[in-house]
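**Q** I have a structure here, written as structure tokens, and I will follow up with some questions on it.
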Amino acid sequence: MATMDKGIANLQRSDTSRNSEKLKKSLNAVQVFFIIVSTVIGTGVFTGNGIALAVAGPVGLLLNVVGVGLVAVCVAETVSELTQLWTVPNAVYYYIKYFVDTEAAWVVTALYWYSYSAVFAVQMLGAANLVQFWDLTAIWPPFIFYLIVPILLLSINLAGISFYGWVETVCGMLKTILIFGVICTLFDISTKNGYAGSDGPISSGLQFDAKLTTRKSQSFFYGIPQVTYSYIGIESAAIAAFESIDAQAVSIPSQFVHWLILVLYFLCSLGIALTVRWDDVHLTHPLADLPYPRSNSPTIIAIGKDARLGITPLPAFVNGCLIMSTVSAAAASLYLAGRTLYGLAFGVDVQESNWVSRTFKGLSVVWEKTTVPAKALLVTVLAFFWLPWLSEAPQGKGFAARDVQHVLGMTASMSCIITWAFLCLAFIRFQRLAKRCETSPTTSIAVQGLSRYVQPKRGKLVRGVGAAFQPWPATVGFLGCVIVSISASAPWWAKPARTRDVLAAYGPVRLPPPVSPSALSRTGC
Numbered sequence: 001m002a003t004m005d006k007g008i009a010n011l012q013r014s015d016t017s018r019n020s021e022k023l024k025k026s027l028n029a030v031q032v033f034f035i036i037v038s039t040v041i042g043t044g045v046f047t048g049n050g051i052a053l054a055v056a057g058p059v060g061l062l063l064n065v066v067g068v069g070l071v072a073v074c075v076a077e078t079v080s081e082l083t084q085l086w087t088v089p090n091a092v093y094y095y096i097k098y099f100v101d102t103e104a105a106w107v108v109t110a111l112y113w114y115s116y117s118a119v120f121a122v123q124m125l126g127a128a129n130l131v132q133f134w135d136l137t138a139i140w141p142p143f144i145f146y147l148i149v150p151i152l153l154l155s156i157n158l159a160g161i162s163f164y165g166w167v168e169t170v171c172g173m174l175k176t177i178l179i180f181g182v183i184c185t186l187f188d189i190s191t192k193n194g195y196a197g198s199d200g201p202i203s204s205g206l207q208f209d210a211k212l213t214t215r216k217s218q219s220f221f222y223g224i225p226q227v228t229y230s231y232i233g234i235e236s237a238a239i240a241a242f243e244s245i246d247a248q249a250v251s252i253p254s255q256f257v258h259w260l261i262l263v264l265y266f267l268c269s270l271g272i273a274l275t276v277r278w279d280d281v282h283l284t285h286p287l288a289d290l291p292y293p294r295s296n297s298p299t300i301i302a303i304g305k306d307a308r309l310g311i312t313p314l315p316a317f318v319n320g321c322l323i324m325s326t327v328s329a330a331a332a333s334l335y336l337a338g339r340t341l342y343g344l345a346f347g348v349d350v351q352e353s354n355w356v357s358r359t360f361k362g363l364s365v366v367w368e369k370t371t372v373p374a375k376a377l378l379v380t381v382l383a384f385f386w387l388p389w390l391s392e393a394p395q396g397k398g399f400a401a402r403d404v405q406h407v408l409g410m411t412a413s414m415s416c417i418i419t420w421a422f423l424c425l426a427f428i429r430f431q432r433l434a435k436r437c438e439t440s441p442t443t444s445i446a447v448q449g450l451s452r453y454v455q456p457k458r459g460k461l462v463r464g465v466g467a468a469f470q471p472w473p474a475t476v477g478f479l480g481c482v483i484v485s486i487s488a489s490a491p492w493w494a495k496p497a498r499t500r501d502v503l504a505a506y507g508p509v510r511l512p513p514p515v516s517p518s519a520l521s522r523t524g525c
């Protein structure tokens, strides 16, 4: 009980006096909403879903999008509940520490930082690759996207949270318009060309690529990790919450945005399924050997091959928008990773007895001029600065470089899924604690500091659609994350496992031994 009392007290202090002179609370509801949108919408739904289409067919793609989307919604509903209860700068660490396990909190928070710091580098690589649409031999993309753009995004983040919030608001609005425009265009192509008939692309149903799997059920699971990448970032309200002006600024966006994302992703994926055949060579074939359009994005393939359009500026325009979307998502990844590293260094108790501990603690220092964690942001940029440059390795070493990029890209996604699972577990255990304490009048709830956290006393909270059904959404989210983790092994269900596939699937899973006794048993409730 003493451990939990101390933990809750520390958690409450971190929400008030300890951080009053640190990160600045200036994000309004619109900024929080579009920060989440910018984090989630990158190129996954426009490009990554093409892999799921090529592996599992149009019906497999739609099932993946809806299934993973519902898991993401459950996770987002759970995170929204947590962020309205406690708005702290190191949310992931605190939620897991006080309701699951201290050692697990360290590991999972470190994985969460790794997830977005690696994704930041992978997004720079993806933006450079999109330039191949125009020129396969261009030598300038590495200089622009591996050097200039990271410096620019770092500068935007260093300029202050308010400035960054408005930049992402503009980018988020543009990306929302982009996905609406793509949806309308794809449905227009399908209608005008009669693709919705019995011989249209979607009529292929559930398929499987014989080179990768041996049955349709395997192809379905093979596509899950590919689609999951599109939803990474749905939990970002937990990070943005502390810098919001008040609880209302995070509560409404955090309860609404995930439903919008699910609907938009389904409609966009349906448009892809209606217009692009699952066996289209552009989805999987090396770009250098392909005629126009030189892209593996099903969106651009559909627009580029439309018989009514021919070779027009529209596919090139959409490709340029995808580059913008990728760069904006990278800025959000840098924001999340930087704040996570700052929160971890600020919130944990470290004995500053040597230069390593002092250096780590120094990451919790904010730049007084703009009140942003400059050191944490800089470390995040430099951590995987080298990753995109591997693609420039000599031809003989290129395959090894691509393997490293593949492993880091996939492990980054899986690290975020691990974080999702532990956040859901933290909420489940918290709610058990709250209910147990509520039914024990003799328990000193006031001393524990839990009185405002018991469900009947959440009067001013904005309850989401799934809030009334908790902890079932949290439970579904947790189990869904387990299924996604298992599906990461699908590449070797039908053939021998390669080292890079094993590392990509389970490289980040280095959790400590079984967690300590639950928070419930420690409180005495």
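If you're matching positions, the sequence shown starts at 1 in UniProt numbering and goes up one per residue.
No residue lacks a Cβ here, since even glycine has one placed at the ideal position from N, Cα and C.
Model, not experiment: these values are computed from the prediction.
Taking only the alpha-carbon atoms, compute the straight-line gap between P388 and L85 and give it to the nearest angstrom.
**A** 39 Å
**Q** Helix, strand or coil for A387 per DSSP?
**A** Reading the sequence as shown, one finds Leu at residue 387 and not Ala. Here L387 sits in coil by DSSP.
**Q** CB-CB under 7 Å to T169, same chain, minus the five flanking residues each way: which ones, in chain order?
**A** V30, Q31, F34
**Q** Along the chain, where does the alpha helix (DSSP H) that runs through L363 open and close?
**A** Neither: L363 is in no alpha helix (DSSP H) and is coded neither H nor E.
**Q** If distances are taken between C-alpha atoms only, which option among F266, A238, S162, P225 comes closest to V59?
**A** F266
**Q** For S117, is the classification buried or exposed, using 16 other Cβ atoms within 10 angstroms of its Cβ as the cut-off for buried?
**A** buried
**Q** Going by Cα to Cα distance, which pick from D101, V167, L264 is closest to residue 557?
**A** Only positions 1 to 525 of the chain appear in this structure, which leaves residue 557 out of reach.
**Q** Pull up the distance between the alpha-carbon of I272 and that of G362, whole angstroms please.
**A** 48 Å
**Q** Counting beta carbon pairs with one atom in the segment 68 to 82 and one in the segment 332 to 345, are three or more of them shorter than 8 Å?
**A** The way I'd put it, the segment 332 to 345 doesn't touch the segment 68 to 82; fewer than three beta-carbon pairs between them come closer than 8 Å.
**Q** Pick out whichever of L378, A56, N193, L408 has its Cα sitting closest to the Cα of K211.
**A** A56
**Q** Using a Cβ distance threshold of 8 Å, determine whether the segment 86 to 106 contacts the segment 422 to 436, with at least three qualifying pairs required.
**A** When Cβ pairs closer than 8 Å are counted between the two stretches, the segment 86 to 106 is seen to touch the segment 422 to 436, the count reaching three or more.
**Q** With which residues is W367 paired in a DSSP beta bridge?
**A** Note: W367 sits in a beta bridge opposite V372.
**Q** Do you know how far the Cα of T370 is from the Cα of S204?
**A** 55 Å
**Q** Opposite S244 in the DSSP bridges: which residues?
**A** S244 pairs with L27.
**Q** Note down the Cα distance separating I232 from L344, rounded to an integer number of angstroms.
**A** Cα to Cα, the separation comes out at about 21 Å.
**Q** Could you say if the segment 141 to 158 and the segment 230 to 249 meet the contact criterion of at least three C-beta pairs nearer than 8 Å?
**A** no
**Q** Report the option in S38, C171, F46 whose CA atom is closest to the CA atom of I301.
**A** When only C-alpha atoms are compared, the closest one is F46.
**Q** Would you check if the distance between the CB atom of N28 and the CB atom of I245 is smaller than 7 Å?
**A** yes
**Q** Does DSSP put F346 in a helix, a strand or coil?
**A** When DSSP states are grouped into helix, strand and coil, F346 belongs to the helix group.
**Q** Which of the three DSSP states is assigned to L283 in this structure?
**A** helix
**Q** Is V476 closer than 7 Å to C74 when the C-beta atoms are compared?
**A** yes
**Q** Quick check: what's the CA-CA separation for F208 versus Q218?
**A** 8 Å
**Q** Is V381 helix, strand or coil by DSSP?
**A** helix
**Q** Please report the straight-line C-alpha distance between L382 and F360, rounded to a whole angstrom.
**A** The straight-line gap from Cα to Cα measures roughly 15 Å.
**Q** Using the C-alpha atoms, what's the distance from V37 back to V257?
**A** 7 Å
**Q** Out of S115, F143, A249, point me to the one whose CA is closest to T419's CA.
**A** S115
**Q** Going straight from the alpha carbon of G42 to that of S328, what length do you get?
**A** 7 Å
**Q** With DSSP as the reference, label K435 as helix, strand or coil.
**A** helix
**Q** With 16 other CB atoms within 10 Å as the buried threshold, where does W492 fall?
**A** Taking all protein chains in view, the Cβ of W492 is surrounded by fewer than 16 other Cβ atoms within 10 Å, so the residue is classified as exposed.
**Q** If we call anything under 7 Å between Cβ atoms a contact, is V484 one with I417?
**A** yes
**Q** Enumerate, from N- to C-terminal direction, the unbroken alpha helix (DSSP H) stretches of 4 or more residues contained entirely within the segment 57 to 125.
**A** List check, alpha helix (DSSP H) in window: 91 to 99.
**Q** Can you tell me which of the three DSSP states G233 falls into?
**A** The three-state secondary structure of G233, taken from DSSP, is coil.
**Q** With DSSP collapsed to three states, give me the class of L423.
**A** If DSSP states are grouped into helix, strand and coil, L423 belongs with the helices.
**Q** So, with DSSP's three-state summary, where would you put R339?
**A** Correct three-state label for R339: helix.
**Q** Just verifying my parser: in three-state terms, what is the DSSP assignment at K206?
**A** The amino acid occupying residue 206 in the given sequence is Leu; Lys does not appear at that position. L206: coil per DSSP, three-state reduction.
**Q** Report the rounded CA-to-CA distance for F384 versus S230, giving the unit in angstroms.
**A** 21 Å
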